[in-house]
Amino acid sequence: MSGTLNNASLRTGRSFDLGKMNLRQLWIAYLTYPTILLYFALIIANVAISAHFFAGWLHTLCAVVAVMLVYPVVWYLLHRFVLHGRVLYKIRATSALWKRIHFDHHQDPHLLDVLFGSPLTTLPTIAIITIPIGYMIGSWGCSAAAFGAGITITCIYEFFHCIQHLNYKPRAAWIQRMKAYHVLHHFHDEDGNFGITSYVVDRVMGSFYLDAKARPRSPTVFNLGYDLQEAKNYPWVMDLTGSPPRDRPDGARPKTEKNDSNRRNAA
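99 is the number of the first residue of the sequence shown in our numbering; add one for each residue after it.
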């Protein structure tokens, strides 16, 4: 992992820069990451619960398929209207949440530490969406199957999300396209291409764009609209960050170097 460890101020005590990692290093980081290990444990637990309260293969399969269909729609709505909304950072009580779950990721899209969502926010969200779906289809056995399916899809999303920010060109053409569309979201115009593994909902909702020629570059693609003026009006995210918001990422450099750079930009 030489060259990928930095920024000891983060909770994990390490910071993996996906822009400096290869596919093998990603697999190692992914399969040993505490959040992913927690997800794996919960998947196994939900399979056991589903088997104990087995509702039959048809009901169980229906619950899993229903989650597979609902998940990308819910992700799209949350991503577009909540994570990219400008409400959470304007409220002091939710500013830290917004910073952790999305602002930090757009400020530097290559940092693995902030790419994964916190289980404190992801798991309750997955549970609220999937457990009622399973219960309506076939009681608690299907609820466990639906919840397990939601966590499994999240693991898949998270891995492909890493691939999209990894210093690696996928061999498969469909993964290359998926990566290209997501890179546009992070480096060209954030108000589009909200999907991760699928852009069907983007196409339906009119937020999909094919390439950089399709629309002008957004000036808020890295700060999500939380610029210096917004930071003066709503300072809580900036206070937590310890520096002004950036209009471009500067990589996984040491914190002191980042702060010095930000002070020069703000001057």
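Cβ atoms here follow ideal geometry from the backbone N, Cα and C, with glycine treated the same way.
The beta-carbon separation of residue 225 and residue 161, rounded to 14 Å, does not stay under the 8 Å limit for a contact. Residues of the same chain with a CB within less than 8 Å of the CB of residue 196, apart from the 5 flanking positions on each side, are 181, 186, 187 and 335 in chain order. In the structure shown, the three-state DSSP call for residue 211 is helix. Boundaries of the alpha helix (DSSP H) around residue 298: 298 to 303. In this structure, the beta-carbon distance from residue 124 to residue 213 does not fall below 8 Å. Taking a cut-off of 8 Å on C-beta distances, the segment 316 to 325 touches the segment 279 to 293, as three or more cross pairs fall below it. Within the DSSP bridge table, the entry for residue 115 names 209 as partners.
Collapsing the DSSP output to three states places residue 169 in a helix. Secondary structure at residue 266: coil, using DSSP grouped into helix, strand and coil. Under a 10 Å Cβ-count criterion, residue 193 is classified as buried, with 16 or more other Cβ atoms of the shown protein chains found around its own Cβ. Fully contained in the segment 227 to 260 is no beta strand (DSSP E) run of length 3 or more. Contact annotation: residue 209 and residue 260 have beta-carbon atoms that are not nearer than 8 Å. Residue 315 is classed as exposed because its beta carbon has fewer than 16 other beta carbons within 10 Å across all chains shown. At the C-beta level, residue 253 and residue 134 come within 8 Å of one another. Under the three-state reduction of DSSP, residue 324 is assigned to coil, being neither helix nor strand. When the Cα atoms are used, residue 344 and residue 173 turn out to be separated by approximately 26 Å.
The three-state reading of DSSP puts residue 308 in coil, since its state is none of H, G, I, E or B. For residue 135, the uninterrupted alpha helix (DSSP H) segment begins and ends at 132 to 150. The Cβ atoms of residue 251 and residue 166 lie closer than 8 Å to each other. Taking residue 137 as the centre and dropping the five residues before and after it, the same chain places the C-beta of 249, 252 and 253 closer than 7 Å to its C-beta, in chain order. Relative to residue 190, the option among 236, 338 and 278 whose CA is nearest is 338. Rounded to whole angstroms, residue 154 and residue 116 show a C-alpha spacing of 42 Å. By the Cβ neighbour-count rule, residue 142 is exposed, with fewer than 16 other Cβ atoms within 10 Å of its own. Contact check for residue 128 and residue 257: beta-carbon distance about 6 Å, within the 8 Å limit, so the pair qualifies. If the five residues before and after residue 266 are omitted, its C-beta is found closer than 7 Å to the C-beta atoms of 120 and 121, all from its own chain and listed in chain order. For residue 185, there is no enclosing alpha helix (DSSP H), as DSSP marks it with neither H nor E. The three-state secondary structure of residue 314, taken from DSSP, is coil.
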